[in-house]
Amino acid sequence: MTVPTITLNDGHEIPQLGFGVFQVDPDETERIVTDALEAGYRHIDTAAIYGNEVGVGKAIEKSGIARDELFITTKLWNSDQGTQSAHDAIDLSLAKLGLDSVDLYLIHWPSPHRDLYVESWLALEEIQAAGKATSIGVSNFQVPHLEKIIAASSTVPAVNQIELHPEFQQAEVSAFARENGIHIEAWGPLGQGKYDLFGNPAIVEAAAQTGKSPAQVVIRWHLQAGRILFPKSNSAARIAENFDVFDFELSDAQVASIDALEADNRVGANPDTATF
Ligand code: NAD
């Protein structure tokens with residue numbers, strides 16, 4: 000199974016479908032990431048705050064898969080924003096992962112109440128220049144946050160990783176990203192299981208028509224929109240199911256019926272007002 004790659008604005012390639020480990024128990028991470036690597040995933044999305052970088056690193060090491068066949072993302076946590084603290088944070092993440100560099104390093108949230116995201120972005124440029132991150136990007140940035148870092152630096156973020164699923168499609172940030180060469184990574188691509196996405200008639204109908212599961216239909220909807228995503232599951236069967244999405248296509252009508260589900264239904268924190 001070959002996962003399509005997307006070329007980022009710095010020329011580097013990222014596998015469009017990966018595996019995310021938010022809320023994966025640190026004690027189970029090695030086993031679960033091993034399941035994902037065995038299912039064929041080569042792109043893993045973790046973060047310092049998830050507390051499971053050590054488990055991700057152990058699974059990578061045990062797999063014997065060549066480093067250049069893997070794409071590993073981690074993220075700078077909010078309380079580590081700032082110049083020196085960002086440099087210290089990437090060193091700690093790399094030590095936990097057992098890697099010399101990550102493929103992508105992200106500022107996890109703009110955390111505007113700290114007012115350190117511009118300074119942190121300049122630190123990420125230095126981290127990239129030092130070879131500790133091949134690509135750099137941001138997460139949960141709204142348009143004004145993106146405008147501010149683009150104006151203050153010489154690097155346009157390679158990606159913006161944002162909450163995005165059928166009932167919360169982020170039209171404004173997505174349009175800005177498209178116009179500025181920033182790729183969107185969808186977090187919570189399945190709505191984090193927080194609303195009945197898989198029982199929605201549009202999804203159920205597309206699943207019946209294609210002979211695939213509702214989760215596979217939603218993953219396919221993201222892929223056909225050109226987004227990068229890394230759905231999470233603790234179950235080996237679902238991990239494999241979520242990867243088995245390259246043998247079918249949604250029709251324009253099926254895509255339109257899912258596009259029509261926009262409901263401004265944010266299931267996570269609002270980046271402008273989050274206080275963590
Ligand atoms: P998700 O939308 O991937 O939903 C995960 C949940 O969906 C699972 O817990 C499971 O209950 C269910 N599920 C998964 N596969 C299924 C299947 N085939 N059938 C039925 N149910 C299924 O949510 P997520 O984990 O929050 O998002 C994916 C990844 O995005 C995370 O693991 C993490 O890497 C990243 N993320 C980033 C941020 C951020 O702030 N940058 C925030 C949240 C998540």
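Letter 258 of the sequence shown, counting from 1, is numbered 257 in numbering that gives the first Met the number 0, and no numbers are missing.
A virtual CB, placed ideally from N, CA and C, is assigned to each residue, including glycine.
Report all residues from its chain with a CB closer than 7 angstroms to the CB of residue i; omit the five preceding and five following residues, and keep chain order.
i: N264; result: E166, F167, Y194
i: V142; result: E171, V172, F175
i: A235; result: D34
i: E118; result: G81, T82
i: Q15; result: V2, P3, T4, I5, L222, I227
i: L260; result: P165, E166, N199, A201
i: E240; result: S212, A214, Q215
i: P230; result: G19, P188, L189, I218, N241
Which partner residues does residue i have in the DSSP bridge list?
i: K74; result: L105
i: L228; result: L16, A185
i: F167; result: H164
i: I149; result: DSSP output for I149 lists no bridge partner at all.
i: H42; result: F70
i: N159; result: V137, I183
Under 8 angstroms between the Cβ atoms of residue i and residue j?
i: D99; j: T133; result: no
i: F324; j: A35; result: Any answer about residue 324 is impossible in this case: the structure gives the chain only from 0 up to 275.
i: Q215; j: V244; result: yes
i: G187; j: V266; result: yes
i: L75; j: A47; result: yes
i: W108; j: A262; result: no
i: I257; j: A207; result: no
i: V155; j: N179; result: yes
i: F70; j: R41; result: yes
With DSSP run on the structure shown, which of helix, strand or coil describes residue i?
i: I89; result: helix
i: T287; result: Since the first residue shown for the chain is 0 and the last is 275, residue 287 is missing from the structure and cannot be characterised.
i: I59; result: helix
i: I64; result: coil
i: S173; result: helix
i: D258; result: helix
i: T28; result: helix
i: V203; result: helix
i: V137; result: strand
i: N8; result: coil
i: E178; result: helix
i: Y49; result: helix
i: A235; result: helix
i: A214; result: helix
i: E248; result: coil
i: R219; result: helix
i: A35; result: helix
i: D79; result: helix
i: V2; result: coil
Can you find the residues in the same chain that come closer than 8 angstroms, C-beta to C-beta, to residue i, ignoring five residues on each side of it along the sequence?
i: E27; result: G54, N233
i: H86; result: A122, E125, I126
i: L196; result: H164, P165, E166, L189, G190, I202, P213, V217
Under the criterion of a Cβ to heavy atom distance below 7 angstroms, does residue i qualify as lining the ligand GDP?
i: D102; result: Among the ligands present in this structure, namely the ligand NAD, the ligand GDP is not found.
Considering only residues of the same chain and omitting the five flanking positions on each side of residue i, which have a CB-CB separation below 6 angstroms?
i: N269; result: none
i: T72; result: D44, L103
Would you say residue i faces chain C, with C-beta separation under 8 angstroms as the test?
i: D195; result: Of the protein chains in the structure, only one exists, and it is not chain C.
*asked:* What ranges does the beta strand (DSSP E) occupy inside the stretch 95-135, keeping only unbroken runs of at least 3 residues that lie completely in it?
replied: For secondary structure counted as the beta strand (DSSP E) over 3 or more consecutive residues, the stretch 95-135 holds these complete runs in sequence order: 101-106.
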